[in-house]
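Chemist:
Residue numbers (our numbering), protein chains in the order written: chain A, 45 to 395; chain B, 3 to 148; chain C, 84 to 469; chain D, 258 to 424.
Rendered as structure tokens:
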């Protein structure tokens, strides 16, 4: 397997962004990621992006976003209607071929134009579930209930996750939520979508993220301390929430094993838009909070631009590995209702 | 002169969907006020019946369904404080996963019961729509069994 | 060659029709996938990863349908990727699936592309009106008619060139049991007098709206060696994109199409495409795109593509048969059409194309385009190992 | 589609889907729309390639950079190419056939799509010189439809070489 590394990363996320469209949000983030590498769009071997037309309510919304890259002369490019993390997997695969050495991965999405929790109902079975319009919060709350009913996990475990993520968000300029708080204060809040409280749910965010990948020696030329991708894999499960065990993440477990996760990780960035999901993911990844710093960026509970937040997890983990904050990191991204599809990536600093 | 403009934008279409044999059989059952499941390759009776087996991808027999009871037990539930357009009720209500007697998996639908009465494990039954047409809304919701 | 060798082990498609009222969306894609597995003499358990493609989700009103389709495509516990690149998506999905095998990460990949347009209405989905914009363009034809006019002006092509392409493709479709349109009584006269929808494009020169799915199993060298079925070796793949609206773009002879062909031929070791490629399945949703793409792909000099049509060079028995299957003009489930081009090209070199088989076809081109003639996906497949 | 009568098995359902959004065209396009509200065509120039875009979207699509200064372009121009449309569609009622033209307004490097009137389908020609016909001022809104249509003006046709780049 050819060694590939994250050599640059940039993101932007904010609450409702009324003054800019997707291209105007993406342009500066692309520049911020490309400038340190000295690469132009034409130098890049392969460009691939992730987004969903339904966020903006426009068929082909990703076509106009291509303008931000300036694909002239024409570029080798593709697009997935998924989170940008899955576009990164596609770029990593392409770099294994050996004929090109660099790839540009970007993701964009504004969750504020529509009612995002309702838009996501369209991911569901169009015959027997979609027509009931169960929103994303209600489905996640069903999963939280199943976890709380199983023994061993209580409301205070959820509050502990929220308190830790909100404290970590202090260092993250792109967080929409950040405060020094504790479990007791959070548990005093009223229930919102019983058993979830408002702070167990993600904020509505608009944003974009860009990652530059490079292979072998090219990575060392482009970055002081590249964050090497030691392993990456993704898996999907059946969707119907009534016929799978919502308290475990079987697909995360398979992907983690394939990506080489072995319990050793200095830090982990988990794409859990809801607090209880962090606990399910930690168990599936076999990680222990005593030895692994979880969501140093604050995670998706403090900033959740849909279609972007998964790529941001990989970027945030890579950035910290490159900055020497950890030798080995695990990054995770999810897609679909109640963690239906999951990607796991292991990143390491140069030996 | 430089204020950024915005305007409402809505997208609407009455999608006409062909159900295929399995969903068609399940909905035909609902129209007759019956709930059907199907046995999958691991021997579980799955409700609603999936068209394809999760493990083998083989088509499951849409002509060999298993009727299950319209009564069962809540396996999980959540409260929906501010219902949205298209949801079964306009006032706050609960979503529930219900394992009907005879089924090994749970069906997702709305549960109309006072919030303080709702708990995992409670017994509920289907409340049928006044007029059934062969649609998931033939189940109006679940309600508590006294 | 980029990466390890890859080959098409099996192909499958549904009978394309205006409405498939007998299947769910899961049923439609499962049907094509099952036929591809049977053709490859493989089972669902032999598949390591699934790559699915389709055009905008608004056509069926299902966001990210790969999530609902996980069981229907035997993907539970496996990787599933959803590609979306506008009209070229069936082609780019095939290229992305090939990348997975060429990378050595996955040995056998199932790739599927579909559209079930009867769930809504293609015209509605393609022209969702946004505030502040002008509601002038009437569907794809309205967008492409001015470009076709530009080609006719530049090339001085005779006005019946489009009619001849439509006649050729519709007659070829009679030799393809999967084609949507089977019009045995079609005539040049009938085409020439069909309603003029967007001058210069007449109704009979436009593609139908179809429900349909296509599928392929793409395998590594070891899987190809182990197969007792004929395989199509991938000699090269290429993807290119350029902006929709750009000063300096040439929408009649797009730069991205030329670059894509050049990169493809370089990878496949082709220096004289007209003589080294035996036949081609290219994306022609409006008849005039055949002469335009013949030039864009380097089969004809700029401004002369129409001569190949007029001389019958692109007929089933011509020097370079084009769209032997009847092409997009005869079947157009938009998301699948690009993959249908790619799999028909593969079946030609496998010798499994049936009635519309080109004799001794050893190397074939599959081509797809999308958006405002700005997204291109192509591959060259061959009977011999590259 | 759905078999409401009791006898036949269910083969289809109808699932109405409606989604509501708050749409913004963004900063660059909003400036352009403000210009239209005052009867002006405000394009934007790319600092890198120098081309003028009417209407400007987010940035220069060829260079991938934000636009620089604003450039007002004339409401006269050249009809680069056109389609004679015989297909009407839901939300626009014009008598058929109508001419949908791509006009290169003088000073712009990008064509804009606009209705062509005042010439019959068999007299209209690529290269014709045209002028915008604006709605009455009191009907102006933040929309390109303030230009109701373009109509021919009494000038010699532009020669093909001068506009073939914009095809």
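All C-beta atoms in this analysis are idealised placements derived from N, C-alpha and C, irrespective of residue type, glycine included. As the structure is a computational prediction, the values presented were derived from the model and not from experiment.
Measuring CA to CA, which of C:192, C:89, C:109, C:136 is closest to residue 129 of chain C?
Modeler: In the third chain, residue 129 of chain C corresponds to position 46, counting from 1. The residue with the shortest Cα to Cα distance from residue 129 of chain C is C:192.
Chemist: Quick check on the DSSP output: the alpha helix (DSSP H) that includes residue 244 of chain C runs from which residue to which?
Modeler: Indexing the third chain from 1 puts residue 244 of chain C at position 161. That run of the alpha helix (DSSP H) goes 244-256.
Chemist: Just confirm the distance between the C-beta atoms of residue 428 of chain C and residue 364 of chain C, as a whole number of angstroms; I'd bet it's less than 8 angstroms.
Modeler: Against the third chain, residue 428 of chain C aligns to sequence position 345. Against the third chain, residue 364 of chain C aligns to sequence position 281. Confirmed, Cβ separation roughly 5 angstroms.
Chemist: Ends of the alpha helix (DSSP H) at residue 269 of chain A?
Modeler: Taking the first residue of the first chain as position 1, residue 269 of chain A is located at position 225. No alpha helix (DSSP H) holds residue 269 of chain A; DSSP gives it neither H nor E.
Chemist: Let's test the definition: count the other Cβ atoms within 10 Å of the Cβ of residue 133 of chain B and tell me whether it reaches 16, buried, or not, exposed.
Modeler: Locating residue 133 of chain B in the second chain gives position 131, counting from the first residue. Under this definition residue 133 of chain B is an exposed residue.
Chemist: Using 9 angstroms as the limit for Cβ to Cβ distance, is residue 89 of chain A near chain D?
Modeler: Here residue 89 of chain A is taken as the residue at index 45 of the first chain, counted from 1. By this cut-off, residue 89 of chain A is not an interface position.
Chemist: Among D:392, D:342, D:343, D:373, which one has its Cα closest to the Cα of residue 293 of chain D?
Modeler: On the fourth chain, residue 293 of chain D is found 36 positions in, with the first residue counted as 1. Closest by alpha carbon: D:392.
Chemist: Decide if residue 422 of chain D is buried, meaning its Cβ has at least 16 other Cβ atoms within 10 Å, or exposed.
Modeler: In the fourth chain, the residue the question calls residue 422 of chain D occupies position 165. So residue 422 of chain D ends up on the exposed side.
Chemist: Kindly give me the distance between the Cβ atoms of residue 290 of chain D and residue 215 of chain C, rounded to whole angstroms, as I take these residues to be in contact under 8 angstroms.
Modeler: Within the fourth chain, residue 290 of chain D is the residue found at index 33, counting from 1. Within the third chain, residue 215 of chain C is the residue found at index 132, counting from 1. Indeed, because the Cβ distance is near 6 angstroms, the residues count as touching under 8 angstroms.
Chemist: Report yes if the CB atom of residue 155 of chain A is closer than 9 angstroms to the CB atom of residue 123 of chain A, and no otherwise.
Modeler: Sequence index remark: in the first chain, residue 155 of chain A carries index 111 (1-based). Sequence index remark: in the first chain, residue 123 of chain A carries index 79 (1-based). Not a contact, by the Cβ cut-off of 9 angstroms.
Chemist: Is the beta carbon of residue 436 of chain C sitting closer than 9 angstroms to the one on residue 380 of chain C?
Modeler: In the third chain, the residue the question calls residue 436 of chain C occupies position 353. In the third chain, the residue the question calls residue 380 of chain C occupies position 297. In this structure, residue 380 of chain C does not lie closer than 9 angstroms to residue 436 of chain C by Cβ.
Chemist: Closest Cβ-Cβ distance between residue 410 of chain D and chain C: below 9 angstroms?
Modeler: By one-based count along the fourth chain, residue 410 of chain D stands at place 153. No - not a single Cβ of chain C is within 9 angstroms of the one on residue 410 of chain D.
Chemist: Would residue 153 of chain A count as contacting chain D if we go by Cβ distances under 9 angstroms?
Modeler: For the purposes of this step, residue 153 of chain A is taken as the residue at position 109 of the first chain. Not an interface residue.
Chemist: Buried or exposed for residue 320 of chain C, going by 16 or more other Cβ atoms inside 10 Å?
Modeler: What you label residue 320 of chain C is simply residue 237 of the third chain in a count that begins at 1. The residue is buried, with at least 16 neighbouring Cβ atoms inside 10 Å.
Chemist: For the stretch 321-346 of chain A, list every residue whose C-beta sits within 9 angstroms of some C-beta in chain C, in sequence order.
Modeler: Residues passing the 9 angstroms Cβ filter: none.
Chemist: Should residue 25 of chain B be flagged as near chain A, meaning a C-beta pair shorter than 9 angstroms?
Modeler: Start at 1 with the first residue of the second chain, and residue 25 of chain B comes out as number 23. It does: the Cβ of residue 25 of chain B has a partner Cβ on chain A nearer than 9 angstroms.
Chemist: For chain C, find out if any of its Cβ atoms is closer than 9 angstroms to the Cβ of residue 385 of chain D; answer yes or no.
Modeler: The residue you call residue 385 of chain D lines up with position 128 of the fourth chain. Closer than 9 angstroms: no.
Chemist: Return the residue from the list D:265, D:268, D:296, D:267 that minimises the CA-CA distance to residue 404 of chain D.
Modeler: Translated into positions along the fourth chain, residue 404 of chain D becomes position 147. It is D:296 whose Cα lies nearest to the Cα of residue 404 of chain D.
Chemist: Thinking C-beta only, is residue 357 of chain C closer than 9 angstroms to residue 403 of chain C?
Modeler: Residue mapping note: residue 403 of chain C aligns to position 320 of the third chain, counting from 1. Residue mapping note: residue 357 of chain C aligns to position 274 of the third chain, counting from 1. In contact: residue 403 of chain C and residue 357 of chain C (Cβ atoms closer than 9 angstroms).
Chemist: Return the chain-ordered ranges of every beta strand (DSSP E) run that is complete within the stretch 66-140 of chain A and spans a minimum of 3 residues.
Modeler: With a minimum length of 3 residues, the continuous beta strand (DSSP E) runs that stay inside the stretch 66-140 of chain A are 90-94, 121-124.
Chemist: Using a Cβ-Cβ cut-off of less than 7 angstroms, list which residues of the stretch 232-244 of chain C approach chain D; keep chain order.
Modeler: Correct list: 232, 233, 236.
Chemist: Assign residue 139 of chain A to buried or exposed, taking buried as 16 or more other Cβ atoms, counted over all protein chains shown, within 10 Å of its Cβ.
Modeler: Residue numbering aside, residue 139 of chain A sits at position 95 when the first chain is read from its first letter. Flag for residue 139 of chain A reads buried.
Chemist: Can you tell which of A:219, A:106, A:276 has the C-alpha that lies nearest to the C-alpha of residue 339 of chain A?
Modeler: The sequence position of residue 339 of chain A within the first chain is 295, counting from 1. Among A:219, A:106, A:276, the Cα nearest to that of residue 339 of chain A is on A:219.
Chemist: Going along chain A in order, which residues have a C-beta closer than 9 angstroms to the C-beta of residue 315 of chain D?
Modeler: Against the fourth chain, residue 315 of chain D aligns to sequence position 58. Chain A residues near residue 315 of chain D: 64, 65, 66, 67, 68, 69, 70, 71, 108, 109, 111, 112.
Chemist: For residue 123 of chain B, which residues from the same chain have a beta carbon less than 7 angstroms from its beta carbon, with the 5 sequence-adjacent residues on both sides left out?
Modeler: By one-based count along the second chain, residue 123 of chain B stands at place 121. Once the five neighbours on either side are set aside, the close Cβ partners of residue 123 of chain B are 75, 76.
Chemist: When you compare the CB of residue 114 of chain B with every CB in chain D, is at least one pair closer than 9 angstroms?
Modeler: Mapped onto the second chain, residue 114 of chain B falls at position 112. Residue 114 of chain B does not count as touching chain D.
Chemist: Quickly, what does DSSP pair residue 458 of chain C with across the bridge? List them, please.
Modeler: Within the third chain, residue 458 of chain C is the residue found at index 375, counting from 1. Its beta-bridge partners are C:324, C:453.
Chemist: Would you check if there are 3 or more beta carbon pairs closer than 8 angstroms linking the stretch 135-144 of chain C to the stretch 170-178 of chain C?
Modeler: Output reads yes: the stretch 170-178 of chain C touches the stretch 135-144 of chain C.
Chemist: Out of A:356, A:361, A:386, A:348, point me to the one whose CA is closest to residue 58 of chain A's CA.
Modeler: Translated into the one-based positions of the first chain, residue 58 of chain A becomes position 14. Residue 58 of chain A has its Cα closest to that of A:348, out of A:356, A:361, A:386, A:348.
Chemist: Across the stretch 198-207 of chain A and the stretch 305-313 of chain A, are there enough close Cβ pairs to call them in contact, namely three or more that are closer than 8 angstroms?
Modeler: Segments in contact, no.
Chemist: Counting pairs of Cβ atoms below 8 angstroms between the stretch 431-445 of chain C and the stretch 283-291 of chain C, do you hit three or more?
Modeler: Result no; under three Cβ-Cβ pairs closer than 8 angstroms.
Chemist: If you draw a straight line from the alpha carbon of residue 225 of chain C to that of residue 213 of chain C, how long is it in whole angstroms?
Modeler: Counting from one through the third chain, the residue named residue 225 of chain C turns up at place 142. Counting from one through the third chain, the residue named residue 213 of chain C turns up at place 130. Cα-Cα distance, rounded: 17 angstroms.
Chemist: Starting from residue 175 of chain A, find everything on chain B with Cβ-Cβ shorter than 8 angstroms and list it in chain order.
Modeler: As a first step, residue 175 of chain A is located in the first chain; it is residue number 131 there, counting from the start. Within 8 angstroms Cβ-Cβ: 88, 137, 138, 139.
Chemist: Quick check: the Cα distance between residue 350 of chain A and residue 250 of chain A, rounded to an integer number of angstroms?
Modeler: For this step, residue 350 of chain A is matched to residue 306 along the first chain. For this step, residue 250 of chain A is matched to residue 206 along the first chain. Cα to Cα, residue 350 of chain A sits roughly 8 angstroms from residue 250 of chain A.
Chemist: Would you call the stretch 114-132 of chain C and the stretch 273-287 of chain D in contact, with 3 or more CB pairs under 8 angstroms?
Modeler: Cβ pair count under 8 angstroms is below three, so no.
Chemist: Can you check DSSP and say which residues form a bridge with residue 96 of chain B?
Modeler: Looking up residue 96 of chain B in the second chain gives position 94. BP columns for residue 96 of chain B point to B:81, B:113.
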